[in-house]
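Chemist:
Residue numbers (my numbering): 3 to 398.
1. Alpha carbon to alpha carbon, what distance is there between residue 23 and residue 45?
2. So, helix, strand or coil for residue 371, using DSSP?
3. Within a Cβ cutoff of 7 angstroms, which residues of the same chain sit near residue 71, ignoring the five residues on either side of it in sequence?
4. Indicate the three-state DSSP secondary structure (helix, strand or coil) for residue 122 in the structure shown.
5. With distances taken from CA atoms, which of 171, 162, 252 is nearest residue 184?
6. Based on Cα-Cα distance, which residue from 290, 149, 90 lies nearest to residue 118?
7. Let me check understanding here. Comparing Cα to Cα, which of 75, 362, 84, 41 lies closest to residue 143?
8. Here's the rule: buried if 16 or more other CB atoms are within 10 angstroms of the residue's CB, otherwise exposed. What is residue 286?
9. Taking the alpha carbon of residue 363 as the point to measure from, which residue in 294, 341, 21 has its own alpha carbon closest?
10. Within the continuous alpha helix (DSSP H) that includes residue 360, where are the two ends?
11. Note the first and the last residue of the continuous alpha helix (DSSP H) segment covering residue 98.
12. If you check the beta carbons only, do residue 241 and residue 158 fall under 7 angstroms apart?
13. Tell me the residue span of the alpha helix (DSSP H) that contains residue 385.
14. How far does the beta strand (DSSP E) with residue 73 in it extend, from its first residue to its last?
15. Is DSSP giving residue 311 helix, strand or coil here?
16. Are the segment 207-218 and the segment 163-177 in contact at 8 angstroms, needing three or more beta carbon pairs?
17. How long is the line joining the alpha carbons of residue 249 and residue 180, rounded to whole angstroms?
18. Going by DSSP, what residues sit across from residue 168 in a beta bridge?
19. Per DSSP, what kind of secondary structure is residue 240 in: helix, strand or coil?
20. Give a yes or no on whether the C-beta atoms belonging to residue 275 and residue 306 are separated by under 7 angstroms.
21. Across which residues does DSSP place residue 155 in a beta bridge pair?
22. Looking only at its chain, what residues have a beta carbon closer than 8 angstroms to the beta carbon of residue 351, apart from the 5 residues adjacent to it on each side?
23. Given this structure, state the Cα-to-Cα distance separating residue 230 from residue 323, to the nearest angstrom.
24. What is the residue span of the beta strand (DSSP E) that residue 291 lies within?
25. Going by DSSP, name the residue or residues bridged to residue 51.
26. In the DSSP assignment, find the alpha helix (DSSP H) that holds residue 352 and state where it starts and stops.
27. Could you check how far apart the C-beta atoms of residue 356 and residue 4 are, in whole angstroms? I think they sit under 8 angstroms.
28. Drop a sphere of 10 angstroms on the beta-carbon of residue 135, count the other beta-carbons inside from all chains shown, and report buried for 16 or more, exposed for fewer.
29. Report all residues from its chain with a CB closer than 6 angstroms to the CB of residue 191; omit the five preceding and five following residues, and keep chain order.
30. Where DSSP assigns a beta bridge to residue 107, which residues make up the other side?
31. Can you tell me which of the three DSSP states residue 226 falls into?
32. Under 7 angstroms, do residue 292 and residue 349 count as touching if we go by C-beta distance?
33. Closest to residue 311 by C-alpha separation, out of 211, 8, 56, 256, would be which residue?
34. For residue 131 and residue 69, I'd like the C-alpha separation in whole angstroms.
35. Mark residue 176 as exposed unless 16 or more other C-beta atoms lie within 10 angstroms of its C-beta, in which case mark it buried.
36. Taking C-beta to C-beta, are residue 18 and residue 376 nearer than 7 angstroms?
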């Protein structure tokens, strides 16, 4: 069929297989251009491997370091009448590229929060990988079923303490308006921490350690976004922020439990970029559009693959890793620089519907959003008939 984007609110409900493949190839090409990573990983587990920072991590490990990679994700396969999810097409394209390059790669599709999937991953690692020297935790899910209790928890995007009303870029109507969000109650905060905090990261490392598939001196990292004053009301100091704080607790717990292996556990602080998750958060489309305007003017713009390659090269495997005041690997230092934030704040204060295109890079934001689903990628014929069914080789 001929596939055009179907956008509803902050999501796109379909994806383009050829476009997703081309986007993956763009990221692979970038990593190859940077040359081989020095002292990079060799056996890598990526939990949340099909989109965004997780996909970029897998690409960087495989094509920057020649690593074996096992990818965990939860994606929908396509049918003759309906497209697969973007993550499905991304993984199919990644696997094809890995096969062509002679890189070992396997994939597990299912609920990463479940004990069953953890057991399947352990079995695969034991049988085919040896011990894992890097574990990337990059899950983004609105709900989680606790494997111990069977209870399903749902997260919310709400401030803590009091309701907020703030400026917003309404992407459906392409106007600047206001959004009001009520404050979270204690149950909502606790549930958000359950879903998006560090508990499942801990459970993964516990399972890997008990199965004796973690290498000596292994590294693991989970990803966070902290931001500054503009985004704090709905992000850093909100329910998501509480969940991200729990990652810090989990990192310390993982370090303590794997001390005999000299394991390293970090939370990595990354840039605000366009992802399926960030698109759903009020404030972020306007903030990111303003940030893109400033960083592109300065020549410091970094997308997802640039951020992750920099994280591996400078911090995870760099000789002099950079840490922020909270002890996180500090990869978003360019975004948080005072002059950059001041200019973003000025744009925020002055932009209105008539000046969206002149004061912000909303066009760049929107293009990046479409590329998440395989649309707007250079070199792709979007008027051509394409097969909506794509097989993922190496599915366990």
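Note that beta-carbon positions come from the ideal geometry of N, C-alpha and C, so glycine has one too.
Modeler: Let me spell this out:
1. 24 angstroms
2. helix
3. 46, 48, 60, 63, 64, 107
4. helix
5. 162
6. 149
7. 75
8. buried
9. 294
10. 358-361
11. 88-103
12. yes
13. Where residue 385 is concerned, there is no enclosing alpha helix (DSSP H), given that its DSSP letter is neither H nor E.
14. 70-75
15. helix
16. no
17. 31 angstroms
18. 181
19. strand
20. yes
21. 146
22. none
23. 22 angstroms
24. From DSSP, residue 291 is part of no beta strand (DSSP E) but of the alpha helix (DSSP H) over 286-300.
25. Answer is none; residue 51 lacks a bridge partner.
26. 340-352
27. Contact doesn't hold; Cβ gap of about 35 angstroms is too wide.
28. buried
29. 241, 244
30. 71
31. strand
32. yes
33. 56
34. 10 angstroms
35. exposed
36. yes
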